[in-house]
Amino acid sequence: MSAIVLPGTTVPAQHVNLKLGPGLIQRTGAGEAGPSIISSRAGTLNHSSNGSKWWVESNSRRYVPAPQESVIGVIAQKVGDGFRVDIGSAHSASLDGLAFESATKRNKPNLKIGCLVYARVSLAHKDMEPELECFDAQTRKSEGFGEVKGGFLVRCSLKMCRDLLDPKHFLLPLLGARFPLEAAVGMNGRVWVNAKEPKQIIAISRCIEAVDPDNGGADEAGVKALLGALDV
Amino acid sequence: MRPPSPSIPEKEFLFASLKESLRLDGRLPMELRAPILTFGDDLGWVECSLGKTRVLAQVEGKMVKPLPERPFEGMITIHSEISPMASSEYEPGRPSDEEVTITRMLDKVLKRSDAVDKESLCILAGQRVWHIRLTLHFLSDAGNMLDCACLAGMVALKHFRRPDVEVVGDEVTVHEPTERAPIPLAIHHTPFCFTFAFFPDPATPPIIDPTQLEQRLSAGLLTIALNAQRELCVLQKLGGVPLDTDEVLKIVNIAVQKAKELNSIVDARLQEDWSGRKVEVR
């Protein structure tokens, strides 16, 4: 059962080990009985079965950086040792030249302006420039991060990206069954896709746009009809 | 805030697929996005959308004293300021290049081409004329706002009805819309605007009605304004792409065909809307 909440609505979340997800903040109640939980976004309120995790599901197109999220960025500028990367947020992010696997002071990656990188947000605060890194901090291995070449960049809403990252969502397996494809999904509303023929890449881009909740949210049957019409 | 230029994969993919005549939204190279015209309650209020590009046009009329050097003609003014609502790359107060281009083209296509008969706007020579004011609001920019704006403006001018005015000697009586049916503006011809985008590789064919990505990556744009009677009003070329006469004539012929199609669509929509409004004649 999910209720629709607006920003400022008090949420009845009570648990011993309460964990608040996106869209909920805790306000210390002055004078009344303890702190209260209120929602900061408009959307549907969800919680886990045992009531310990609560969050608000909402959709938007403007990305707000949060740590440990994988994003796709476009290199905008070379600044000293590192790069300035556009990830679609209010501030552009900084990516250090040494934040790549096997990068040393002599051997830095040669990224040109306009290149796409798949990176992870390592630091993100409300009023500061976010920072990115292109490797896994623990293992110092690339784990798929770094420059992505070729292919095409598709823009979509944030909810669509979250759906694409869900292994139970139907779209990518459905497309993958028809033709081999590569995809890198960024949480900032950008998806990089690659396939052998331009026709196939265009088909993927149009299917993502069709399934996007902003454009109507086509379901599996709708996508199959669209693919039939596109002849891939 | 200027958005960054498109990334290298986007650019290379667009050029590679356009070379094979494949457009990103599945259209043919010479296929327009289907225009959707929505009329409001007021006469002269039209919203035109070409795919995700949306422009709103509104026409108002009031009676003023004419210019001393032109006592027999009415006045038409066009207001088209692009606000950041269209896209975050437009700043309020500072006209961007695109805004200047659109303002100039609208002026040439809607005013200088004499689409609306100014002498019919005269009520009492030297003292009272109609001042028609067309305001355009750019709601969303998904490429090719110019064509959308011209279409919205032209359809709004065709949709607008001004109050009936009776002149007896020197006395001017304005009849209410409830007393006498308002009358349409005298329109000589209906010009439509078509924009074609050219790309740096000469092997890539030109495309009509570019989307935002195609417009940003194009090497040059050719805009043709003409009416369904094969009369050219404006031919504007932006960008240094070399074109020879054969290519230009081919483009003009395509534009003529599109103008005929668009004219029949616009007429059908106006007819449909007009039959839906109740006009009582007593």
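Residue numbers (the working numbering), protein chains in the order written: chain B, 19 to 250; chain S, -19 to 262. Glycine included, C-beta positions come from ideal geometry on N, C-alpha and C.
Distance between residue j and residue i (C-alpha atoms, nearest Å)
| i | j | result |
| --- | --- | --- |
| Gly162 of chain B | Cys152 of chain B | 9 Å |
| Val232 of chain S | Thr191 of chain S | 20 Å |
| Thr158 of chain S | Gly207 of chain B | 52 Å |
| Glu49 of chain S | Ile112 of chain S | 18 Å |
| Ala236 of chain B | Gly20 of chain S | 30 Å |
| Leu244 of chain B | Val228 of chain S | 35 Å |
| Ala129 of chain S | Gly115 of chain B | 46 Å |
| Met125 of chain S | Arg34 of chain S | 8 Å |
| Leu199 of chain B | Ala228 of chain B | 18 Å |
| Ala109 of chain S | Asp77 of chain S | Inspection of the sequence shows that residue 109 of chain S is occupied by Val rather than by Ala. Each residue's Cα considered, the two are about 34 Å apart. |
| Arg59 of chain B | Leu119 of chain S | 25 Å |
| Gly123 of chain S | Glu194 of chain S | 8 Å |
| Gly246 of chain B | Asp94 of chain S | 48 Å |
| Gly234 of chain B | Gly240 of chain B | 11 Å |
| Glu11 of chain S | Gln237 of chain S | 11 Å |
| Ile22 of chain B | His33 of chain B | 21 Å |
| Val183 of chain B | Gly106 of chain B | A small correction: the amino acid at residue 183 of chain B is Leu; Val does not occupy that position in the sequence shown. Computed Cα separation, rounded: 19 Å. |
| Leu218 of chain S | Thr175 of chain S | 10 Å |
| Asp129 of chain B | Glu165 of chain B | Reading off the sequence shown, one finds Leu at residue 129 of chain B, where the question assumed Asp. Each residue's alpha carbon lies about 8 Å from the other. |
| Lys(-1) of chain S | Leu193 of chain B | 25 Å |
| Ser88 of chain B | Ser(-13) of chain S | 18 Å |
| Phe179 of chain S | Leu42 of chain B | 49 Å |
| Ala199 of chain S | Pro182 of chain S | 10 Å |
| His155 of chain S | Ala132 of chain S | 28 Å |
| Asp22 of chain S | Leu137 of chain S | 12 Å |
| Ala(-4) of chain S | Glu61 of chain S | 36 Å |
| Gly100 of chain B | Ile188 of chain S | 41 Å |
| Thr184 of chain S | Ala94 of chain B | 28 Å |
| Ala239 of chain S | Ala84 of chain B | 50 Å |
| Cys133 of chain B | Leu171 of chain B | 11 Å |
| Asp224 of chain S | Val39 of chain S | 40 Å |
| Phe(-7) of chain S | Cys28 of chain S | 30 Å |
| Leu2 of chain S | Leu201 of chain S | 19 Å |
Min CB distance residue i to chain B below 8 Å
| i | result |
| --- | --- |
| Ile317 of chain S | Given a span of -19 to 262 for chain S in the structure shown, any question on residue 317 of chain S remains unanswerable. |
| Ala(-4) of chain S | yes |
| Phe178 of chain S | no |
| Glu0 of chain S | yes |
| Ser(-15) of chain S | yes |
| Ile(-12) of chain S | yes |
| Phe(-7) of chain S | yes |
Residue i at chain S interface by Cβ criterion, 8 Å
| i | result |
| --- | --- |
| Leu113 of chain B | no |
| Arg224 of chain B | yes |
| Val250 of chain B | no |
| Asp232 of chain B | no |
| Asp184 of chain B | no |
| Asp237 of chain B | no |
| Asp16 of chain B | Residue 16 of chain B is absent from the structure shown; chain B starts at 19 and stops at 250. |
| Asp99 of chain B | no |
Per-residue burial, residue i [other beta carbons within 10 Å of its own, 16 or more giving buried]
| i | result |
| --- | --- |
| Ser67 of chain B | exposed |
| Val44 of chain S | exposed |
| Met85 of chain S | buried |
| Gly204 of chain B | buried |
| Asn212 of chain B | buried |
| Gln218 of chain B | buried |
| Ala155 of chain B | exposed |
| Glu252 of chain S | exposed |
| Ser110 of chain B | buried |
| Arg80 of chain B | exposed |
| Asp181 of chain B | buried |
| Lys98 of chain S | buried |
| Asn207 of chain S | buried |
| Phe172 of chain S | buried |
* To do: Please go through the stretch 64 to 120 of chain B and give each complete beta strand (DSSP E) segment of 3 or more residues, from N-terminal end onward.
  => Complete beta strand (DSSP E) runs here, min 3: 71 to 75, 88 to 97, 100 to 104, 111 to 113.
* Proximal residues, the stretch 126 to 147 of chain B versus chain S, C-beta separation under 9 Å -> Of all residues in the stretch 126 to 147 of chain B, only Lys130, Ile131, Gly132, Cys133, Leu134 place a beta-carbon less than 9 Å from a beta-carbon of chain S.
* Asked: Of the residues that make up the stretch 208 to 219 of chain B, which ones have a beta carbon closer than 8 Å to any beta carbon in chain S?
  -> Those residues of the stretch 208 to 219 of chain B that come within reach of chain S (Cβ to Cβ, closer than 8 Å) are Trp210, Pro216, Lys217, Ile219.
* Asked: If contact means a Cβ-Cβ distance below 7 Å, which residues of the stretch 71 to 94 of chain B contact chain S?
  -> Cβ contacts with chain S come from Val92, Ala94.
* Select from the stretch 168 to 181 of chain B all residues with a C-beta closer than 9 Å to any C-beta belonging to chain S, and list them in chain order. => Listed in sequence order: Gly168, Gly169, Phe170, Leu171.
* Which whole runs of the alpha helix (DSSP H) in the stretch 75 to 132 of chain S are 4 residues long or more, in chain order? -> Here the runs fully enclosed are 77 to 86.
* Quick one, which residues of the stretch 4 to 26 of chain S are near chain B if we go by CB-CB under 9 Å, in chain order? -> Legend: CB atoms of the stretch 4 to 26 of chain S lying less than 9 Å from CB atoms of chain B belong to residues Leu4, Asp5, Gly6.
* To do: Would you list, in sequence order, the uninterrupted beta strand (DSSP E) runs of no fewer than 3 residues that lie entirely inside the stretch 126 to 211 of chain S?
  => Those beta strand (DSSP E) runs which fall completely within the stretch 126 to 211 of chain S and span 3+ residues are 145 to 148, 151 to 154, 172 to 178, 200 to 206.
* Taking only runs of the alpha helix (DSSP H) that begin and end inside the stretch 168 to 242 of chain B, which ones reach a length of at least 4 residues, in chain order? -> Inside the stretch 168 to 242 of chain B, DSSP marks whole alpha helix (DSSP H) runs of 4 or more residues at positions 176 to 183, 189 to 196, 216 to 229, from first to last along the chain.
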